[in-house]
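Right, one structure below, let's go through it.
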Amino acid sequence: MSKLMDRTPRQDGYRMPGEFETHTQTWMLWPERTDNWRLGAKPAQAVFTAVAKAIAQFEPVTMGVSAGQFLNARFQLPEHVRVVEMSYNDSWIRDCGPTFVINDHSGVRGVDWDFNAWGGLEGGLYFPWDQDDLVPQKVLNIERKDRYKAPLVLEGGSIHVDGEGTLMVTEECLLNANRNPQLSREEIENYLKEYLNVEKIIWLGRGVYNDETNGHVDNLCCFLRPSEVALTWTDDQNDPQYEISLDAFQRLSQAIDARGRRLIVHKIHQPDPILITAEESGGVDSVDGTMPRLEGDRMAASYINFLMVNGGAIVPVFNDPHDEIALTKLQELLPERRVVGVYAREILLGGGNIHCITQQQPRG
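In case it helps, the working numbering puts the sequence shown at residues 150 to 513.
Here it is, written out as structure tokens:
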């Protein structure tokens, strides 16, 4: 059974591990919303299947699927991918799912944040989001892991940790008035320290240009290992991303982590600007309350939105001249892992990428 705990992870000696630590499996949710995924979500389902297959080379995968899509997903996914029936509103389990925490005695529990679809009624991306908000409970019940309920609106894509007491976030997201307007920066920091068991919070400014999540850190910068990060970058000073990445680089270069170390910052050049085509826009159903996909809109493409798995890294690529450069650089930076690229434009069209559609479950 999954018990609701009345203390915090910090009080119980649990911490959020770095993504580079060992996993038992990765969780995903099957896409089907026709007001977000074009052409009845068929192209997206093919790419989610490709991502699941790529991850499954390295570790087990569990896919949550609605009752109406169960047989379709079971047919498309390989047999070794577990499929469990689950209701949810959309397929961004990084953001609506639980954040797993571990202790030094093989214990694994989950943090259940409040979820409001990236802004609620003040800029949120769809309504309702009630089933998404239940995903942590469902996952933790299936896994029989105890649950902490955090009194904070937060998405998993807005936090990155080094597993040794350091957390990276952006001001654009965590201080946004559409998340926790009643809380001060200090109060938000205190909750983060209690529920992730971190000592030091590195605040970056804005996330990737035009990121509809209000600037999630997982699209901008990630920990490769303790004291070492990868940052999305552009050399084009006329690109609006340039100032954002430069500001992040300067903050990271001056930062000291929880153990007193300076950070090593690696720049990964972004793909060229990727715009939604008329065909892509026309394939999405228009529904009141859901963010439209308009022709010519620039998408928040970044190679940083990758997932580390046991012995591997699953990286989005875009049929862009920078793809091979990014994959080669990441392979050099992650010699202990096999870097695998997956063509991910269809995920990007939905508003995120490979890291956003996955949630790792660590081994205790």
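We put the CB at the ideal spot given by N, CA and C, even for glycine.
CA nearest to the CA of Gly272, picked from Asp263, Asn327, Val302, His229: As a position in the sequence shown, residue 272 is number 123, starting the count at 1. Ranking Asp263, Asn327, Val302, His229 by Cα distance to Gly272 puts Asn327 first.
C-beta neighbour in chain D for Gln403, strict 8 Å: The chain inventory of the structure shown lacks chain D, comprising one protein chain alone.
Segments of 4+ residues assigned as alpha helix (DSSP H) that fall wholly inside the segment 342-428: Taken in chain order, the unbroken stretches of alpha helix (DSSP H) that lie wholly in the segment 342-428 and span 4 residues or more are 389-403.
Contact under 8 Å by Cβ, Val310 with Leu345: Within the sequence shown, the letter at position 161 stands for residue 310. Within the sequence shown, the letter at position 196 stands for residue 345. A distance below 8 Å separates the beta carbons of Val310 and Leu345.
Cβ-based burial, Gln386 [other Cβ within 10 Å; buried from 16]: The count along the sequence shown starts at 1 and reaches residue 386 at position 237. It counts as exposed.
Residues bridged to Arg296 (per DSSP): Against the sequence shown, residue 296 aligns to sequence position 147. Leu153, Gly259.
Beta strand (DSSP E) segment containing Gln510, residue limits: As a working mapping, residue 510 is identified with position 361 in the sequence shown. Residues 508-511.
Val436 - containing beta strand (DSSP E), residue span: In the sequence shown, counting from the first residue as 1, residue 436 sits at position 287. From DSSP, Val436 is part of no beta strand (DSSP E); its letter is neither H nor E.
Assigned exposure category for Gly501 - 16 Cβ within 10 Å defines buried: Sequence index remark: in the sequence shown, residue 501 carries index 352 (1-based). Buried, since its Cβ has 16 or more Cβ neighbours within 10 Å.
Three CB pairs or more closer than 8 Å across the segment 464-479 and the segment 180-195: No, they do not touch.
Start-to-end residues for the beta strand (DSSP E) that takes in Phe249: As a working note, residue 249 is residue 100 in the sequence shown. Phe249 -> beta strand (DSSP E) spans 248-251.
CB of Asn100 within 8 Å of CB of Gly438, strictly: Given that the chain is displayed from residue 150 to residue 513, the structure contains no residue 100 and the question cannot be resolved.
Contact between the segment 211-230 and the segment 476-492 (3+ Cβ pairs under 8 Å): Segments in contact, no.
Cβ shell of Ala190 (< 7 Å), same chain only, five flanking positions each side left out: Looking up residue 190 in the sequence shown gives position 41. Within the same chain, Ala190 has close Cβ partners Pro180, Glu181, Arg182, Thr183.
One or two residues paired with Ala462 in a DSSP bridge: Within the sequence shown, residue 462 is the residue found at index 313, counting from 1. Ala462 is bridged by DSSP to Met457, Val488.
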